[in-house]
Amino acid sequence: MQVKTVGFIGLGVMGEAMCRNLARKGSWKVVGFDMQAGPLDRLAADGVARAVSMQDLMGQCDVVLLCLPGGNEVRSVTIGEKGLIQWVRKGQTIVDMSTAPPKLMRDLEPMFRAKGADFADAPVARTRRAA
Numbered sequence: 010m011q012v013k014t015v016g017f018i019g020l021g022v023m024g025e026a027m028c029r030n031l032a033r034k035g036s037w038k039v040v041g042f043d044m045q046a047g048p049l050d051r052l053a054a055d056g057v058a059r060a061v062s063m064q065d066l067m068g069q070c071d072v073v074l075l076c077l078p079g080g081n082e083v084r085s086v087t088i089g090e091k092g093l094i095q096w097v098r099k100g101q102t103i104v105d106m107s108t109a110p111p112k113l114m115r116d117l118e119p120m121f122r123a124k125g126a127d128f129a130d131a132p133v134a135r136t137r138r139a140a
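This note's numbering applies: residue 10 is where the sequence shown begins, and numbers increase by one.
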C-alpha cells in the first residue's frame, strides 16, 4: 500500500511534536484532529490540514496515528459512541502510540482486523524534544 495521507489524533505534548515532524519531513499529506484548537492552529504553519471530526479524518487517511493520554481515551476514540471503528475501512492502518493497558490493545486488534484494517500498538516514551 502506498501511503498518501497520514492522520494524527491526539495533539498533546508528544502528539503535536510528532505530527509536526511528520509534516515537515515526510512526503505525504498530514491531517490532524484534536479536541483543542490550539495545536491545530500551530500545526497549520507546518502544512497540517485540520479535520473537522474523526469521521472526516478517517475518510481522508491511509494511516491513522493515535497519541492519547491513556486507556480511557483510547477506548473512547477507537470503540466509543463516535469511535474510529465505525468509519475504518479495508486497507487502513491504525497505530496507537498511547500508553494503554495491554489487554485493551489485544481486544482492539481483532475488532479492526474484522473490518479489514490493521491495528498496531506502538507506545512511545521520552519527551517532546525526542519526538
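No residue lacks a Cβ here, since even glycine has one placed at the ideal position from N, Cα and C.
With a contact defined as Cβ atoms closer than 8 Å, S107 and V83 qualify at about 5 Å. Boundaries of the alpha helix (DSSP H) around T87: G80 to I88. Cβ contact annotation for R29 (same chain, cutoff 7 Å, sequence separation greater than five): L52 and D55, in chain order.
A direct Cα-to-Cα measurement between G89 and G35 gives close to 31 Å. Linking A126 to G92 through their CA atoms gives a straight-line distance of about 14 Å.
In the structure shown, the three-state DSSP call for G47 is helix. In this structure the segment 61-77 touches the segment 12-30; the number of beta carbon pairs closer than 8 Å is three or more. According to DSSP, L74 shares a beta bridge with F17 and V104. Separation of the CB atoms of L31 and V12 is rounded to 11 Å, and the pair is thereby denied contact status at 8 Å. In the displayed model, R115 falls within a helix according to three-state DSSP. Assigned with DSSP and collapsed to three states, K38 falls in strand.
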